[in-house]
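As structure tokens, the structure follows; a few thoughts come after it.
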Amino acid sequence: MEGPRSGGRLVRSTDGLNWDRVESNLPDGALLRVRRGADGQFSALVDSADAPEGRFSLDRWTSDDAVDWERTEPAAFSGAGETFAIFETGDVTLVLAEAPSTEPIPAVSEVLTEFLDAETAAQVCGVEPNGLLNFIVYDCDGDELLRLDAVSNEVEDRIAFAGQVLRFRYFVNVSVAGGAPTTILLPPATSLVGISPAADGFLALVIDASDAIADPVRLLTAGLFAQLRHYGVDGSIREIENAPVEGQPFGDQLLPGADGRVYLSQTNGLHAADPPYEAWSVVADGPNGDIPLGSEIRVLRGSDLLTFSDLNSGRIWVSREGGDWLRIDVPSGVVFEAVLATDDYVVFRDFRGTRNELLRVDLEEPIGPSG
Numbered sequence: 008m009e010g011p012r013s014g015g016r017l018v019r020s021t022d023g024l025n026w027d028r029v030e031s032n033l034p035d036g037a038l039l040r041v042r043r044g045a046d047g048q049f050s051a052l053v054d055s056a057d058a059p060e061g062r063f064s065l066d067r068w069t070s071d072d073a074v075d076w077e078r079t080e081p082a083a084f085s086g087a088g089e090t091f092a093i094f095e096t097g098d099v100t101l102v103l104a105e106a107p108s109t110e111p112i113p114a115v116s117e118v119l120t121e122f123l124d125a126e127t128a129a130q131v132c133g134v135e136p137n138g139l140l141n142f143i144v145y146d147c148d149g150d151e152l153l154r155l156d157a158v159s160n161e162v163e164d165r166i167a168f169a170g171q172v173l174r175f176r177y178f179v180n181v182s183v184a185g186g187a188p189t190t191i192l193l194p195p196a197t198s199l200v201g202i203s204p205a206a207d208g209f210l211a212l213v214i215d216a217s218d219a220i221a222d223p224v225r226l227l228t229a230g231l232f233a234q235l236r237h238y239g240v241d242g243s244i245r246e247i248e249n250a251p252v253e254g255q256p257f258g259d260q261l262l263p264g265a266d267g268r269v270y271l272s273q274t275n276g277l278h279a280a281d282p283p284y285e286a287w288s289v290v291a292d293g294p295n296g297d298i299p300l301g302s303e304i305r306v307l308r309g310s311d312l313l314t315f316s317d318l319n320s321g322r323i324w325v326s327r328e329g330g331d332w333l334r335i336d337v338p339s340g341v342v343f344e345a346v347l348a349t350d351d352y353v354v355f356r357d358f359r360g361t362r363n364e365l366l367r368v369d370l371e372e373p374i375g376p377s378g
């Protein structure tokens, strides 16, 4: 059970619904990721207690039975800032981290000249709220430059958004086949909309937030266009110009399949591509070819299991790529996504009010391709 940033605990299940805690020698509360490899060996990423202030460090632990663990690779991933997401699919592991800006962003400085003198605005690397209508402005060394107190309601959103854009500074640490990680810094002011492990690196769906710095409403109303890029561990950056990105960046979902395949889920259907990700095609368009507005087909990470939730009718549709859709009637609730699947059942994560529940659906027959 993973907890963002704070770590989680190790649990085990034989039916996908009832879970018991595993008593192991892993550091309590520091577990960030666990998986079992094709060889049956378990591998875990654990938050290290040795990381200095302002940096992160993740240790790799391995085990044959998920009970007795050995720390086999201290500081397997380390760097500036703090981790906020980890993805593992196939032989690619991504550890995302964020850290404060180390240099000003010209577009942000230009906006801040409305509230600061030009010399001061050119030094700004951070703007943090300090209560209602108040802000603290920092330079690139983290030192306080000045305070903006009792700003007007008309400019509060613009100043707050300027600070948010300065925080869009992402490091992606990429390891392929357990090798030493490569650290890739995304350009400043890059808003990361979606990310997926991919062959020899990762695919990222990004927007340039500095394009909205003068008018934050453009970002909130999907007025900016997203771009799909492939980042390689060799340092290459390639624009996927023919990717079917609709320009509605908060509606697109980038999802990893098996063997390097990547899916792009949109309201007009589920697209997919294999390396080098230049040829995309629609592989599913919903039950009976109908996707109600606001709905999406989702993919169980690292597989070809497709799920579609008809929230209005209380139904789940399940399929495998290239197969027929199987309709499943479910109790009241908002079923969001599959988290586990076997030939006999599928377990869904179900949002009910303010809490999550697991919902197991037993299958009368295995889901497979049509024909």
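Residue numbers in the sequence shown follow my numbering, run continuously in steps of one, and reach 378 at the last position.
Note that the Cβ used here is the ideal one computed from N, Cα and C, for glycine as well.
These numbers come from a predicted model, not from an experiment.
In three-state DSSP terms, what is residue i?
i	result
D72	coil
P81	strand
E371	coil
V183	strand
E163	helix
E126	helix
P294	helix
P111	coil
D241	coil
R16	coil
R236	strand
W173	A small correction: the amino acid at residue 173 is Leu; Trp does not occupy that position in the sequence shown. If DSSP states are grouped into helix, strand and coil, L173 belongs with the helices.
A219	helix
P195	coil
S377	Bear in mind that the predicted position of S377 carries a pLDDT of just 45, short of 50, making it too unreliable to give a figure here.
Since I believe residue j is in contact with residue i (beta carbons under 8 Å), could you give me their beta-carbon distance rounded to a whole number of angstroms?
i	j	result
T90	E77	The Cβ separation is near 22 Å, so there is no contact.
H237	A205	6 Å
V200	L212	4 Å
A56	V41	The pair is not a contact, with the Cβ atoms about 18 Å apart (cut-off 8 Å).
V269	L277	At roughly 11 Å, the Cβ-Cβ gap does not stay under 8 Å, so V269 and L277 are not in contact.
R327	D317	With a Cβ gap of about 18 Å, R327 and D317 do not count as contacting.
L33	V53	6 Å
I335	Y284	Not quite, the Cβ-Cβ distance comes to about 32 Å (not below 8 Å), so this is no contact.
G86	E105	Wrong, their Cβ atoms sit about 10 Å apart, outside the cutoff.
What residues match up with residue i in a beta bridge as DSSP calls it?
i	result
F315	I304, W324
Q48	Looking at the DSSP assignment, Q48 forms no beta bridge with any residue, so it has no partner.
P263	V269
T120	T120 is not bridged to any residue.
V289	H278
D336	R322
D331	Beta-bridge pairing links D331 to no other residue.
A211	I202, R236
Y145	G133, E151
E344	R356
A87	R62
E246	R236
Near residue i, which residues of its chain fall below 8 Å by C-beta distance, leaving aside the five closest residues on each side in sequence?
i	result
G309	T96, G97, P263, G264, A265
S20	W26, D27
I244	R236, H237, Y238
T79	R67, W68, T69
L152	T127, Q130, V131, V144, Y145, D146
S377	Confidence at S377 is low in this model, with a pLDDT of 45, below 50, so the placement of that residue is unreliable and no value is reported for it.
R154	N137, N141, F142, I143, V144
W287	N249, A250, P251, L271, H278, A279, A280
G44	S50
T120	A128
In chain order, what residues of the same chain have a beta carbon less than 6 Å from the beta carbon of residue i, not counting five sequence neighbours either side?
i	result
E253	Q273
S108	C132, L173, R176
A58	S64
F84	L65, V102, N180, P188
L139	none
I304	S272, L277, A291, L313, F315
A114	S217, I220
S203	L210, L261, P263, V269
Taking 7 Å as the limit between beta carbons, can you name the residues of its chain near residue i, skipping five residues before and five after?
i	result
P373	D350
R356	F343, E344, V346, N363, L365
V74	V29, S31
P136	F142, A167
A129	P111, S116
E371	none
D71	Q48
L38	G14, G15, R16, L17, A51, V53
V134	F142, V144, I166, A169, G170, L173
With respect to 8 Å, is the separation between the Cβ of residue i and the closest non-hydrogen atom of the ligand MN below this value?
i	result
V183	By its list of ligands, the structure shown contains no ligand whatsoever, and the ligand MN lies outside what it can speak to.
Sufficient close CB pairs (3 or more, under 8 Å) joining the segment 97-115 to the segment 175-189: By the C-beta criterion, the segment 97-115 is judged to be in contact with the segment 175-189, since at least 3 inter-stretch pairs fall below 8 Å.
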